[in-house]
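Before any comments, here is the structure.
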Amino acid sequence: MLDISHALKNPGQIYPLEAEVCLPDMEVMGETLSFENARFSGELLGAGESVSVKGTVRADVIAHCARCLAPVRHAVETAVDETFVRAENASADSDAYPIAGTEIELMDLVKDAVVLDLPMRFLCKEDCKGLCPKCGANRNEHPCNCLEGDDDNPFAALRDLF
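Under the working numbering, think of the first position of the sequence shown as 3, with each following residue one higher.
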């Protein structure tokens with residue numbers, strides 16, 4: 003939790019804000035992701051009963067390659083511009099984050115920004131060859147010949163046509 007009492011007392015005043023945030027592992031699109039080095043860097047602007055937070059969120063995401071399942075580290079950097087309001091002043095359809103007394107929780111803001119900036123799938127490299135569907139070998143490391151001359155394939159007869 004971050005104390006923002008100074009920003010609430012001094013509307014219009016801008017305060018620099020640097021914070022390291024510890025994000026828990028979470029499941030996103032069926033995969034458990036880990037996060038390291040999550041940071042917020044920006045500014046805080048008090049506006050009476052609300053606080054505006056603008057800046058940049060950075061984090062390293064540890065996932066698995068969608069093709070070969072090797073561990074992948076992906077750097078996320080995204081801009082944020084969000085508002086925190088007191089719960090009693092928030093409307094039911096408001097997207098603003100809540101102010102708890104004189105404190106705000108940056109973890110939800112950082113988590114939302116990171117998750118919204120994730121790619122649809124992670125790849126260790128663009129030309130990843132993936133796993134062999136027959137023997138399970140990682141074809142980036144150990145080329146296999148399992149699929150050469152695969153006569154069990156019902157489409158093998160089409161090879162002669164092309």
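Yeah, the Cβ is synthetic: ideal placement off N, Cα and C, and Gly gets one too.
Source: prediction; values computed, not measured.
Does the Cβ-Cβ distance between residue i and residue j come in under 8 Å?
i: residue 74; j: residue 37; result: no
i: residue 40; j: residue 19; result: no
i: residue 53; j: residue 101; result: yes
i: residue 4; j: residue 105; result: yes
i: residue 146; j: residue 72; result: no
Consult DSSP for residue i and reduce its assignment to one of helix, strand or coil.
i: residue 65; result: strand
i: residue 119; result: coil
i: residue 83; result: strand
i: residue 28; result: strand
i: residue 5; result: strand
Going by Cα to Cα distance, which pick from the options is closest to residue i?
i: residue 63; options: 108, 121 and 55; result: 121
i: residue 68; options: 128, 99 and 119; result: 128
i: residue 61; options: 112, 86, 29 and 11; result: 112
Give every residue of the same chain whose Cβ lies closer than 7 Å to the Cβ of residue i, excluding the five residues on either side of it in the sequence, and list them in chain order.
i: residue 33; result: 65 and 66
i: residue 142; result: 70, 130 and 131
i: residue 107; result: 3
i: residue 7; result: 104
If you drop the 5 nearest sequence neighbours on each side, which residues of the same chain put their C-beta closer than 6 Å to that of residue i?
i: residue 148; result: 134, 136 and 137
i: residue 43; result: 20, 57 and 58
Within the same chain, show all residues whose beta-carbon is closer than 8 Å to that of residue i, passing over the 5 residues directly before and after it, in chain order.
i: residue 1; result: Shown here, the chain extends from 3 to 164; a query on residue 1 therefore has no answer.
i: residue 30; result: 117 and 120
i: residue 11; result: 48
Between the stretch 42-54 and the stretch 14-27, are three or more C-beta pairs nearer than 8 Å?
Result yes; three or more Cβ-Cβ pairs closer than 8 Å.
Cβ pair count under 8 Å reaching 3, the stretch 125-138 against the stretch 79-91:
Remark: fewer than three beta-carbon pairs, one from each stretch, lie closer than 8 Å, so the stretch 125-138 and the stretch 79-91 are not flagged as touching.
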